Amino acid sequence: MLACPRPALRLILRSSRSPTFAVARRSFIMSAPTSSCIWAEPLPKPADQLNTYLAILPDFDDSKRMQVRPQHLKDAAVGHENGWIVQAGATFADDSKTKMTGSWFLLREETLEKARERLSKDVYVTGGAWDMSKASAVSFCSSTEWADLCYPEQATIQPVAIAKH
10 MLACPRPALR LILRSSRSPT FAVARRSFIM SAPTSSCIWA EPLPKPADQL
60 NTYLAILPDF DDSKRMQVRP QHLKDAAVGH ENGWIVQAGA TFADDSKTKM
110 TGSWFLLREE TLEKARERLS KDVYVTGGAW DMSKASAVSF CSSTEWADLC
160 YPEQATIQPV AIAKH
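See the structure below:
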């Protein structure tokens, strides 16, 4: 499999020519976002001064996900580049991963309300993919971040030297 030069932008798409997976071309991912891209503006303050939220965004039963997916992927790449999106992906009906049922996001924002507002303007909402009446978003902190906040004298995230082989 070919690797994208920027791992954060590596997306896996099903190839129409074979049942195997192929890597999306970087030019597709980095195409210009729409002028209404909610992720295009810069962060209001440094990323480490913003909160992180976990959002679970189920699709409508008759979701229009695949119709708006190309634009969503372009916009999301911009959101990741600008620091809004920490990580995101699809949710699936089962382990076969053949039917997407929604999305999950780790995103940065100043408040939970602003995070919900930003997500509600995503093309997956305006284009009829996500059912925001079933969406949930909560404040999120990884276990290592939490430990470092509560016990700074025992911080677990330390700089390490990487040995060259």
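The letter at position 90 of the sequence shown is residue 99 when you use the working numbering, and the numbering goes up by one with no holes.
Ideal Cβ placement from N, Cα and C applies to all residues, glycine included.
Owing to the predicted nature of the structure, the values given are computational and were not obtained by experimental measurement.
Worksheet entry | Beta-carbon proximity of Met141 to Ser129, cut-off 9 Å | yes
Worksheet item: Cβ of Arg117 within 9 Å of Cβ of Ala56?
Response: yes
Discussion item. Going by DSSP in three states, Asp103 sits in which element: helix, strand or coil?
Written reply: coil
Discussion item. Suppose you measure from the CA of Ile94 to the CA of Thr107; what does that come to, to the nearest Å?
Written reply: 25 Å
Worksheet item: Excluding the five sequence neighbours on either side, which residues of its own chain have a C-beta within less than 8 Å of the C-beta of Gly98, listed in chain order?
Response: Ser112 and Trp113
Fill in: Thr110 in three-state terms, based on DSSP
strand
Discussion item. Quick check: Ile65 and Ala146, are their CB atoms within less than 9 Å of each other?
Written reply: yes
Discussion item. On a Cα-Cα basis, can you pick out the residue from Asp70, Lys54 and Val134 that is closest to Phe101?
Written reply: Asp70
Worksheet item: If we call anything under 9 Å between Cβ atoms a contact, is Asp131 one with His81?
Response: yes
Worksheet entry | Own chain residues within Cβ distance below 8 Å of Val87, not counting five before or after | Pro42, Cys46, Trp48 and Ala49
Fill in: Selection from Pro53, Asn91 and Ser148 that minimises the alpha carbon distance to Leu121
Ser148
Worksheet item: Considering only residues of the same chain and omitting the five flanking positions on each side of Ser72, which have a CB-CB separation below 6 Å?
Response: Ala138
Worksheet item: Within the 9 Å Cβ cut-off, does Tyr133 reach chain B?
Response: Within the model displayed, chain B is absent; a lone protein chain is all it includes.
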